[in-house]
Amino acid sequence: MHITFVKKRFADGSTCRKCAEVEQRLLRDGHHQRIDEVLVADVADPDSPGMQLARELNAEYAPFFVVRDGARVEVYTIYLKFVREVLERAA
Numbered sequence: 126m127h128i129t130f131v132k133k134r135f136a137d138g139s140t141c142r143k144c145a146e147v148e149q150r151l152l153r154d155g156h157h158q159r160i161d162e163v164l165v166a167d168v169a170d171p172d173s174p175g176m177q178l179a180r181e182l183n184a185e186y187a188p189f190f191v192v193r194d195g196a197r198v199e200v201y202t203i204y205l206k207f208v209r210e211v212l213e214r215a216a
């Protein structure tokens with residue numbers, strides 16, 4: 126299983142508030158080390174890795190998590206659902 130966390134950066138360089146909150150929760154809850162990759166969806170750069178992935182998966186909101194398990198790909202936009210369905214099940 127490979128987990129990618131995508132967070133948004135605005136044109137002025139600031140990180141979205143919700144993205145920062147989710148990242149803090151990952152750290153607080155001890156889940157940050159389970160994230161394999163962190164990508165930034167930079168609004169000022171449509172070719173940034175996070176923006177490309179968002180387009181590819183039709184993800185309209187950040188932050189989001191992409192879970193790849195073999196050929197299966199799931200996108201989670203709700204932190205608690207991601208924790209329950211992915212992190213707690215895998216533990």
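For the sequence shown, this note's numbering assigns the number 126 to the initial residue and increments by one for each residue that follows. The beta carbon of each residue, even a glycine, is placed where N, CA and C say it ideally should be.
Backbone CA spacing between residue i and residue j [nearest angstrom]
i: R134; j: A187; result: 10 Å
i: I203; j: F190; result: 9 Å
i: R159; j: L182; result: 21 Å
Neighbourhood of residue i by C-beta distance below 7 Å, restricted to the same chain and skipping five residues each side
i: C144; result: K132, K133, A187, P188
Reduced DSSP category for residue i - H, G, I as helix; E, B as strand; rest coil
i: V168; result: coil
i: H157; result: helix
i: E162; result: strand
Cut-off 8 Å between Cβ atoms - residues of its own chain near residue i, not counting five sequence neighbours on either side
i: A179; result: V131, A166, E185, A187, F189
Check whether residue i and residue j have beta carbons under 8 Å apart
i: D161; j: T129; result: yes
i: L126; j: D170; result: Leu is not the amino acid found at residue 126; the sequence shown has Met there. Going by C-beta atoms, M126 is not nearer than 8 Å to D170.
Spatial neighbours of residue i in its chain, beta-carbon cut-off 6 Å, leaving aside the 5 residues before and after
i: G175; result: V131, L164, V165, A166
i: V192; result: I128, E199, V211
i: A151; result: First, the amino acid is wrong: residue 151 is Leu here, not Ala. Once the five neighbours on either side are set aside, the close Cβ partners of L151 are H157.
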